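A short worksheet on the structure shown next.
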Amino acid sequence: MSYPHQITSLEQYHNDYRRSVEEPAIFWAEIAENFYWRKKWESVLEWNFIEPRIEWFKGGKLNITENCIDRHLEKLGDKPAIIWEPNNPEERTRVVTYSRLHKRVCQFAQVLVNNGVKKGDRVCIYMGMVPELAYAVLGCARIGAIHSVIFGGFSAQSIADRLYDAQAEYIVTCDGAFRGNKDIPLKSIIDDALIGNRTIKKVIVYTRTRTPVSMLKGRDVWWEDEMEYAETQVEKDNIITMPATEMDAEDPLFILYTSGSTGKPKGVVHSIAGYMVWTNYTFINTFQYKPGDVFFCTADIGWITGHSYVLYGPLSAGGTSVMFEGIPTWPDAGRFWDIVDKYKVNILYTAPTAIRSLMSFGLEPLKGKDLSTLKVLGTVGEPINEEAWHWYDEHIGKKKCPIVDTWWQTETGGVLISNMAGVTPAKPSWASLPFPGVLPLLVDENGIEVTEPDEHGYLQGNLCIKAPWPGIIRTTYGDHERCRANYFSAYPNLYFTGDGALKDKEGNYRITGRVDDVLNISGHRIGTAEVENAINMHAGVIESAVVGYPHDIKGQGIYAYVIYNHMHVDEELTRKDIFQTVSRVIGGIARPDKIQFVPGLPKTRSGKIMRRILRKIAEGETENLGDISTLLDPGVVAEITKGKL
Ligand code: WT7
56 MSYPHQITSL EQYHNDYRRS VEEPAIFWAE IAENFYWRKK WESVLEWNFI
106 EPRIEWFKGG KLNITENCID RHLEKLGDKP AIIWEPNNPE ERTRVVTYSR
156 LHKRVCQFAQ VLVNNGVKKG DRVCIYMGMV PELAYAVLGC ARIGAIHSVI
206 FGGFSAQSIA DRLYDAQAEY IVTCDGAFRG NKDIPLKSII DDALIGNRTI
256 KKVIVYTRTR TPVSMLKGRD VWWEDEMEYA ETQVEKDNII TMPATEMDAE
306 DPLFILYTSG STGKPKGVVH SIAGYMVWTN YTFINTFQYK PGDVFFCTAD
356 IGWITGHSYV LYGPLSAGGT SVMFEGIPTW PDAGRFWDIV DKYKVNILYT
406 APTAIRSLMS FGLEPLKGKD LSTLKVLGTV GEPINEEAWH WYDEHIGKKK
456 CPIVDTWWQT ETGGVLISNM AGVTPAKPSW ASLPFPGVLP LLVDENGIEV
506 TEPDEHGYLQ GNLCIKAPWP GIIRTTYGDH ERCRANYFSA YPNLYFTGDG
556 ALKDKEGNYR ITGRVDDVLN ISGHRIGTAE VENAINMHAG VIESAVVGYP
606 HDIKGQGIYA YVIYNHMHVD EELTRKDIFQ TVSRVIGGIA RPDKIQFVPG
656 LPKTRSGKIM RRILRKIAEG ETENLGDIST LLDPGVVAEI TKGKL
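Residue 405 in the working numbering is what sits at position 350 of the sequence shown, and the numbering runs on without skipping anything.
Here it is in structure tokens:
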């Protein structure tokens, strides 16, 4: 059995692609018919990339939770929507059926209402990977509140910045989160983030680790108490329900912060209908999901991959999604494979960094693992190197599972370029073909379309997209100009991805990596400017420059060159101090892998840091550093090279 809007042959792919380009309105109206609308749209698409203004299914009325939950109840009420695997494999699994999910989401939506949350209010969610996180996200969507999930690895300062930017008034959190052998004290981090905060009205705290937490009277409330009370309110004739708020197609669904080339993360805003259509369409087609399949996306819901492919994509398709609280290497490096066997997972979606990390443990952790239920494998977040691709293919897929290499971004809502499992051909380390509705274009620095192939016959350029697809970013929260400047101004009338790419004669794309000052560390985006700002906040630091360098497991590592004023302790301790500052300002995920103290930085006469040279040195290059004669002080280069870590 397949879905009506599922692409099932290569021929159909080409046909649908052509139709999506020639008659987008007709094509997407047909796809949108597969959802539940309170009222149908008046126009399918209105747009311009100048302002930009992008409106899909304008005039349509709906609620995304009715599409993700209610409409499945009759047929799938007793089927698992979410299978939850705890951090500790000894602990009890939780299977959340569609009926149970409906009940809990309704109940939590009532909790939000009881605490004063209204349509359009921003609710920050800072929780571990527990089913309650799904209830919180969907509970917001049910009443039209805008969720802004923050990954557990961000610091109090980062949370405070995001709360301020989103003008959030409500927080949902946990006492703590279990990850491997660590307990992360989430509530206490929230407490730090709230020092001096005057906008937050309520903090709802779910009990997970039962670490002691401070609870401020009038502000902090327990999830459990609130849910118990809400249950009595939403129960009528033994049925728990809470009406979903009718929303406009273009109302915002959520904000998700992501890094760019400036020091300040931006709040990417996605709107309801387009995002729903896009995550659903890409989910069923990329992975060739069939009703009843068990889908396991290993991403945390704090990132876009978790939003789109742990929650909205699978649930809108009535699918079964495995949600994992822990990490791939705890209690041992066989954890993913145990989960695959335990729940008979059919589709596994993970990041190349996880594959490389598990590869480094050798084949021992695979002993005794069956893995025979797997049908499709996927990767996301960074380019996958051929070695990791082949290991995944051979040892996990046993050469019988197509691998989908899915290229997309926080801003794109869902997959834009990827093969479709078993339907369109895979090419190791190539993301391959664009989805219907996606019109990629490779341009040079001047925005001119690249038409001359290189010596391998590939076109090479900066990757842009010519027209909107339903899941495209709508704005950056509170600052539309920032959205325009960031994505729509580099090249007029094009969405610029920030990535470089190659294109072969068959029309396949290979992503070569970021062309801006954005790093990709273990599949997570971090701006060099952001890390520099954090390092520069450390007392004693005069200036710093951060670049990426190739890292065996993380893909890229963070290399920081730091000019330090006066060191009263040794270098090693000073490094640790700087790590500490970065962890405070951004969070552990931005901690540099290497810090080299330098006497100066290579600068042009106009004061611009020549990152090209620093990148080369970090990569281990000593000889061919390019022209350094234009530097203010060419001598500094030799000193930096000498001190290379
Ligand atoms: C950046 C987006 C997409 C969700 C996870 C990351 C890189 C992503 C691939 C891929 C090569 C990839 C790009 C992109 N990227 N997927 N399959 N092959 N590169 O989302 O944090 O918004 O980062 O990740 O550089 O621009 P994100």
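Where a beta carbon is used, it is the ideal one built from N, C-alpha and C, also for glycine.
Note that this is a predicted model, so its numbers are computed, not measured.
Answer with buried or exposed for residue i, where buried requires no fewer than 16 other C-beta atoms within 10 angstroms of its C-beta.
i, result
"His511", "exposed"
"Arg155", "buried"
"Arg30", "Since the first and last residues shown for the chain are 56 and 700, residue 30 lies out of range."
"Ile668", "buried"
"Ser23", "This structure gives no information on residue 23, because the portion of the chain shown stretches from 56 to 700."
"Asp425", "exposed"
"Leu680", "buried"
"Thr360", "buried"
"His202", "buried"
"Val586", "buried"
"Ala409", "buried"
"Pro647", "buried"
"Asn541", "buried"
"Val596", "buried"
"Glu88", "exposed"
"His621", "exposed"
"Gly114", "exposed"
Of the residues the options, which one's Cα is nearest the Cα of residue i?
i, options, result
"Ser661", "Ala594, Lys455, Leu680 and Thr685", "Thr685"
"Arg670", "Val323, Asp688 and Val692", "Val692"
"Gly183", "Ala215, Ile672 and Gly235", "Gly235"
"Gly562", "Ala476, Thr506 and His450", "Thr506"
"Lys422", "Phe391, Asn440, Pro657 and Gly175", "Phe391"
"Thr254", "Lys158, Leu271 and Tyr225", "Tyr225"
"Val185", "Asp607, Leu514, Ala354 and Asp682", "Ala354"
"Glu279", "Asp230, Leu241 and Ile295", "Asp230"
"Trp324", "Gly526, Ala556 and Leu574", "Just to set this straight, residue 324 is Val in the shown sequence, not Trp. Nearest option by C-alpha distance: Gly526."
"Met297", "Glu627, Tyr614, Phe82 and Glu121", "Glu121"
"Ile198", "Leu188, Val204 and Val168", "Val168"
"Asn401", "Tyr344, Asp534 and Ile81", "Tyr344"
"Asp303", "Gly417, Asp448, Thr266 and Lys116", "Lys116"
"Glu97", "Ile109, Trp485 and Ala84", "Ala84"
"Ser473", "Glu442, Tyr58 and Gly436", "Gly436"
"Thr461", "Phe104, Gly469 and Lys454", "Gly469"
"Asp682", "Pro657, Gly675, Gln61 and Lys699", "Pro657"
"Pro480", "Tyr564, Thr629, Asn252 and Lys94", "Tyr564"
"Pro605", "Arg580, Leu413 and Ile576", "Ile576"
"Arg537", "Pro107, Ser75 and Glu88", "Pro107"
"Phe458", "Lys113, Ala443 and Ala673", "First, the residue type needs correcting, since residue 458 is Ile and not Phe in the sequence shown. Of the listed residues, the one whose Cα sits closest to Ile458 is Ala443."
Would you kindly work out how many angstroms separate the C-alpha atoms of residue i and residue j, rounded to a whole number?
i, j, result
"Arg263", "Val150", "17 angstroms"
"Leu471", "Leu488", "9 angstroms"
"His69", "Glu78", "14 angstroms"
"Ile300", "Leu494", "This sequence places Thr at residue 300; Ile is not what is there. Those two C-alpha atoms are separated by around 34 angstroms."
"Ala191", "Tyr261", "10 angstroms"
"Ala136", "Gly368", "12 angstroms"
"Arg177", "Phe309", "8 angstroms"
"Gly643", "Glu146", "27 angstroms"
"Glu500", "Tyr91", "44 angstroms"
"Gly582", "Gly207", "18 angstroms"
"Val172", "Phe163", "11 angstroms"
"Lys399", "Gly175", "40 angstroms"
"Gly329", "Gly690", "55 angstroms"
"Asn591", "Met282", "45 angstroms"
"Gly698", "Pro654", "10 angstroms"
"Val227", "Gly675", "45 angstroms"
"Ala211", "Glu449", "42 angstroms"
"Met475", "Asn517", "24 angstroms"
"His535", "Ala248", "26 angstroms"
Tell me, which residues are paired with residue i by DSSP?
i, result
"Ala600", "Tyr616"
"Arg149", "Trp139"
"Glu504", "Val498"
"Met378", "Trp139"
"Arg234", "Lys237"
"Val268", "DSSP lists no partner for Val268."
"Thr659", "Leu686"
Contact criterion: CB-CB distance below 8 angstroms. Does residue i meet it with respect to chain B?
i, result
"Thr334", "Going by chain labels, chain B is absent from the structure shown, which holds only one protein chain."
Which runs of the alpha helix (DSSP H), 4 residues or longer, sit entirely within the region 508–586? 535–538
What are the complete alpha helix (DSSP H) segments, minimum 4 residues, inside the region 285–369? 327–341
Entirely enclosed alpha helix (DSSP H) segments - the region 156–226, minimum 4 residues: 186–198 and 211–221
Unbroken stretches of the beta strand (DSSP E), 3 residues or longer, contained in the region 84–121: 98–103 and 108–113, all fully within the region 84–121.
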